[in-house]
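Before any comments, here is the structure.
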Amino acid sequence: MYHTVIIVGNVGKDPEMRYTPSGQAVTSFSVATNRQYTTGNGEQVKETIWFRVTTWGKQAEVCNQYVKKGMKVLVEGRLTPDKATGGPRIWTKNDGSAGASFEVTAGTVRFLSSRGETSDVPSQGGGYESAEMPPEDDIPF
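Counting with my numbering, you get residues 411 to 551 for the letters of the sequence shown.
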């Protein structure tokens with residue numbers, strides 16, 4: 411069996427790099443995607459989904475050097491389930507409500523633009539427009 415996921419969104423925080431005991435680089439950063447839609451009764455709904463992206467090896471070093479908060483990226487990889495639940499990672503926001511993030515192990519990371527710059531990526535339904543950035547203390551990682 412095989413699966414792949416492609417996400418396009420904005421980086422929530424600058425990346426964090428570390429090394430495994432064997433010396434392999436690992437870089438993690440968060441990406442927010444959003445979508446807007448109108449319900450049947452005319453209500454506008456904004457939906458933001460957080461992904462925690464992990465990169466390895468040379469790609470981890472490149473991401474650590476060039477990825478910055480607010481930058482738009484395209485990530486292609488595989489979902490990694492939470493070992494405890496088998497699903498997304500569940501956490502508690504500062505206001506006490508529940509939040510969730512999905513873990514992605516990246517195969518490819520493409521730098522699309524910095525926040526505020528125009529991009530050559532077409533906005534097609536599916537939430538490719540820029541994600542709304544929450545206050546710093548609401549970012550789950």
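Idealized CB from N, CA, C, for every residue including glycine.
#### Entry: Own chain partners of Gly517 with C-beta closer than 6 Å, once the 5 adjacent residues on each side are dropped
In the sequence shown, counting from the first residue as 1, residue 517 sits at position 107. Hits under 6 Å: Glu486 and Gly487.
### Query
Looking at Val421 and Arg428, is the spacing between their C-beta atoms short of 8 Å?
As a first step, residue 428 is located in the sequence shown; it is residue number 18 there, counting from the start. As a first step, residue 421 is located in the sequence shown; it is residue number 11 there, counting from the start. In this structure, Val421 does not lie closer than 8 Å to Arg428 by Cβ.
#### Entry: When Thr458, Gly452, Ser440 and Lys503 are compared against Thr465, the one with the closest alpha-carbon
Translated into the one-based positions of the sequence shown, residue 465 becomes position 55. Comparing Cα-Cα distances from Thr465 to each of Thr458, Gly452, Ser440 and Lys503, the minimum goes to Ser440.
### Query
Could you give the distance in angstroms between the alpha-carbon of Glu542 and the alpha-carbon of Asn451?
Counting from 1 along the sequence shown, the entry for residue 542 is found at position 132. Counting from 1 along the sequence shown, the entry for residue 451 is found at position 41. Residue placement at Glu542 is flagged as unreliable, the pLDDT there being 41, under the threshold of 50; the coordinate-derived value follows with that caveat. Glu542 and Asn451: Cα-Cα distance of roughly 24 Å.
### Message
Let me check understanding here. Comparing Cα to Cα, which of Ser523, Leu522, Arg520 and Thr515 lies closest to Thr414?
### Response
The residue given as residue 414 occupies position 4 in the sequence shown. The residue with the shortest Cα to Cα distance from Thr414 is Thr515.
### Query
Under three-state DSSP, which class holds Val455?
Indexing the sequence shown from 1 puts residue 455 at position 45. Residue state, collapsed to three classes: strand.
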